[in-house]
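Report on one structure; see the data block that follows.
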Amino acid sequence: PRKTQAAAANDQLHQNTVEQLCGFSLKAKKGAARVEKKLSNIKNRISSLVLTSKRIHTFGIKNPQWAEAASILELHFDKLREASLAELTTKVTAAIKLSAQAAYAAGRIDETTSIFVRAKHSSVPATALCVSTGVQDTTMEAGKDSGCTAEDVTALAADDSDLQAAAAVFNKDTSIKGSTGSSCKLTQGVNSAFGQNTGDFELVGGLIKLASGGGFTNDRYSKAAEEVTFLQPLASTGTETHSYLSSKTDTDTATSDTVKNMLNKEAAAETLMDAINAFYQYDPPKSADELKPIVKNLFKVAAIGGEVGFAKALADDKAAVKPKGSEELETTMAQNSEQLTREEVHALKALYQKASKKAPGCSKELSDGSEAYKKAEETCNKLTEVAVCNANPICSYNTTESEENKKCKFDAKKATANGVPATPAQTGGSEKTAEKCKDKKKYECKDECKWEGETCKDYSFPINKIFLRLFLPL
1 PRKTQAAAAN DQLHQNTVEQ LCGFSLKAKK GAARVEKKLS NIKNRISSLV
51 LTSKRIHTFG IKNPQWAEAA SILELHFDKL REASLAELTT KVTAAIKLSA
101 QAAYAAGRID ETTSIFVRAK HSSVPATALC VSTGVQDTTM EAGKDSGCTA
151 EDVTALAADD SDLQAAAAVF NKDTSIKGST GSSCKLTQGV NSAFGQNTGD
201 FELVGGLIKL ASGGGFTNDR YSKAAEEVTF LQPLASTGTE THSYLSSKTD
251 TDTATSDTVK NMLNKEAAAE TLMDAINAFY QYDPPKSADE LKPIVKNLFK
301 VAAIGGEVGF AKALADDKAA VKPKGSEELE TTMAQNSEQL TREEVHALKA
351 LYQKASKKAP GCSKELSDGS EAYKKAEETC NKLTEVAVCN ANPICSYNTT
401 ESEENKKCKF DAKKATANGV PATPAQTGGS EKTAEKCKDK KKYECKDECK
451 WEGETCKDYS FPINKIFLRL FLPL
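Residue 388 in the UniProt record's numbering sits at position 388 of the sequence shown, with consecutive numbering throughout.
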């Protein structure tokens with residue numbers, strides 16, 4: 001058991017106690033700067049997620065064949081943004097409250113400590129009255145109270161202090177007495193100093209207690225931090241807030257490479273699980289294992305750690321509208337919000353112009369009862385997953401039928417929209433279009449042609465191409 005020491009009137013405070021008090025005070029005052037830094041990081045993260053979502057959205061509009069995959073990925077990034085916004089009303093709010101409590105605690109500590117430090121003779125300021133080095137009347141070393149002199153909290157830089165751990169220095173085993181003196185009127189008998197007849201006198205919420213007969217009660221801190229009312233929030237939740245403020249906030253905008261590295265991982269289905277379940281409105285929601293084949297087919301993932309068709313198309317996709325004053329066409333994933341908006345308008349106008357032309361009917365090769373129609377219907381009927389069915393260029397899952405008749409069926413309109421030509425001469429169309437696209441300049445490459453790499457290529461979808469895609473492994 002600890003031996004109780006008798007307090008003596010006019011005892012001096014130890015300079016190490018001043019350093020402990022002021023050191024904690026400085027860390028507490030820096031709490032506001034830590035919250036400010038975290039808020040800045042969250043703001044940057046939200047901005048990067050908004051831009052990423054818009055880039056993916058624009059890519060989906062420009063490339064309808066990837067629209068479904070792009071929409072799911074966009075929804076995923078939207079959910080990440082919503083989670084960051086939610087932090088503002090939960091964890092950030094808690095951190096702001098704690099930083100306010102810390103600043104208040106620092107003010108309480110500063111005022112009391114400053115009274116002890118500044119109790120000096122005006123004629124002989126070097127004379128130690130209430131703080132000593134441990135030897136009677138020896139002046140405190142310079143800088144021990146520097147943490148208490150930092151008055152402009154807004155000018156302080158953030159540090160990584162855990163206030164709960166920092167407050168642990170205040171415990172009942174820590175000595176605070178510097179020496180027995182004769183000149184410190186602050187620690188004379190309580191009745192003489194403050195006119196209180198009996199009892200001890202508490203300073204700093206009871207952290208320091210003046211004995212009724214003078215000096216410091218037991219020559220130690222009278223309370224631990226968790227027993228001092230204004231220190232309790234810091235001593236109980238400081239580490240939790242510290243961990244949050246210290247956690248890394250990803251502020252980088254996604255690239256085609258980061259998208260690829262997300263989609264070709266074993267955990268890709270789990271990462272996108274919420275977005276996929278929300279998009280397809282699965283009820284009950286599907287598990288990550290159930291969603292793995294959907295992710296693989298939807299994003300064209302070759303293998304774990306391998307190539308991803310969606311990511312490659314995303315990396316290769318370039319702007320259709322040149323930036324003002326530039327001849328270079330940036331990739332979609334490098335464009336800013338204004339550029340992306342222009343790209344979307346350009347793509348939608350082109351789509352409208354195409355749709356405004358007389359839409360071709362489904363070719364007679366795919367008319368009801370034809371051999372090609374039967375083969376197409378059989379192929380679609382084999383697809384049992386809704387997402388896999390809808391991802392096929394000529395199939396749609398019929399959700400309006402009765403429960404026993406719901407299944408994947410051939411969709412003639414969808415097939416037409418995906419490029420089945422109206423003319424009966426399906427076999428010769430491809431060669432004619434290919435010839436038509438050959439040797440064209442970039443600015444001439446349009447309609448059924450598309451510029452790829454350095455050449456103009458045929459991008460029409462005659463019936464034989466549709467069936468080639470149909471029978472490829474999913």
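Beta carbons: idealized from backbone N, C-alpha and C, even for Gly.
Which of helix, strand or coil DSSP assigns to residue i
i: Thr-455; result: strand
i: residue 548; result: The requested residue 548 is not part of the displayed model; the chain covers only 1 to 474.
i: Asn-16; result: helix
i: Gly-147; result: helix
i: Cys-445; result: coil
i: Cys-184; result: coil
i: Phe-116; result: helix
i: Val-131; result: strand
i: Gly-60; result: helix
i: Ser-47; result: helix
i: Gly-178; result: strand
i: Ala-9; result: coil
i: Thr-331; result: strand
i: Lys-54; result: helix
i: Lys-440; result: coil
i: Lys-30; result: coil
i: Lys-450; result: strand
i: Lys-382; result: coil
i: Tyr-324; result: In the sequence as displayed, the identity of residue 324 is Lys instead of Tyr. Coil at Lys-324, not helix or strand.
i: Lys-248; result: coil
i: Lys-172; result: coil
Residue i versus residue j: straight-line alpha-carbon distance, rounded
i: Lys-406; j: His-346; result: 38 Å
i: Asn-63; j: Ala-387; result: 18 Å
i: Phe-194; j: Asn-171; result: 26 Å
i: Gln-174; j: Glu-36; result: Per the sequence presented here, residue 174 reads as Thr, with Gln not at that position. Looking at the two C-alpha atoms, the distance is approximately 34 Å.
i: Glu-87; j: His-242; result: 15 Å
i: Pro-285; j: Lys-409; result: 24 Å
i: Met-333; j: Ser-53; result: 10 Å
i: Asp-283; j: Gln-65; result: 26 Å
i: Tyr-373; j: Thr-249; result: 54 Å
i: Cys-395; j: Asn-44; result: 42 Å
i: Ile-304; j: Asn-264; result: 5 Å
i: Gln-101; j: Ile-176; result: 25 Å
i: Val-135; j: Ser-179; result: 6 Å
i: Ser-182; j: Asp-137; result: 9 Å
i: Leu-207; j: Gln-281; result: 59 Å
i: Val-321; j: Asp-439; result: 23 Å
i: Phe-299; j: Met-262; result: 11 Å
i: residue 507; j: Leu-348; result: Here the chain covers residues 1 to 474 and nothing more, so residue 507 does not appear.
i: Glu-307; j: Asp-257; result: 10 Å
i: Glu-330; j: Glu-68; result: 24 Å
i: Val-18; j: Thr-93; result: 32 Å
i: Ala-119; j: Tyr-104; result: 23 Å
i: Thr-399; j: Thr-384; result: 12 Å
Selected residue, minimal CA-CA separation from residue i, among the options
i: Asn-16; options: Ser-53, Gly-143 and Lys-37; result: Gly-143
i: Thr-416; options: Lys-354, Cys-445, Glu-371 and Gly-453; result: Lys-354
i: Asp-411; options: Asp-274, Asp-145, Asn-392 and Gln-65; result: Asn-392
i: Leu-85; options: Trp-451, Asn-41, Gly-107 and Val-308; result: Asn-41
i: Arg-108; options: Lys-79, Glu-270 and Gly-147; result: Gly-147
i: Lys-260; options: Ala-150, Lys-312, Ala-32 and Glu-227; result: Lys-312
i: Glu-240; options: Gln-164, Ala-267, Gly-31 and Glu-452; result: Gln-164
i: Leu-39; options: Gly-309, Thr-89 and Pro-233; result: Thr-89
i: Gly-60; options: Asn-381, Lys-436 and Ala-315; result: Ala-315
i: Leu-245; options: Ala-33, Gln-20 and Trp-451; result: Ala-33
i: Leu-80; options: Tyr-352, Ile-46 and Ala-67; result: Ile-46
i: Thr-58; options: Cys-449, Lys-382 and Arg-342; result: Arg-342
i: Asn-10; options: Ser-132, Tyr-104 and Lys-30; result: Ser-132
i: Ser-247; options: Lys-91, Ser-192, Thr-187 and Glu-151; result: Lys-91
i: Leu-13; options: Thr-400, Ala-103, Ser-287 and Gly-214; result: Gly-214
i: Ser-25; options: Val-169, Ile-56 and Glu-328; result: Val-169
- Message: Restricting to runs no shorter than 4 residues, where is the alpha helix (DSSP H) found entirely within the segment 256-308?
- Response: DSSP runs (the alpha helix (DSSP H)) wholly in the segment 256-308: 256-263, 268-271, 273-280 and 288-298.
- Touching by the beta-carbon criterion (3+ pairs, under 8 Å), the segment 242-258 and the segment 284-295: no
- Would you call the segment 112-122 and the segment 159-176 in contact, with 3 or more CB pairs under 8 Å? Touching, no, given that fewer than three Cβ pairs across the two stretches are closer than 8 Å.
- Message: List, from N- to C-terminal side, the alpha helix (DSSP H) runs of 4 residues or more that fit wholly inside the segment 194-233.
- Response: List check, alpha helix (DSSP H) in window: nothing returned.
- Query: If you pair each beta-carbon of the segment 266-281 with each one of the segment 66-79, do three or more pairs fall below 8 Å?
  - Reply: yes
- Item | Every unbroken beta strand (DSSP E) inside the segment 386-420 [3 residues or more] | 395-397 and 408-410
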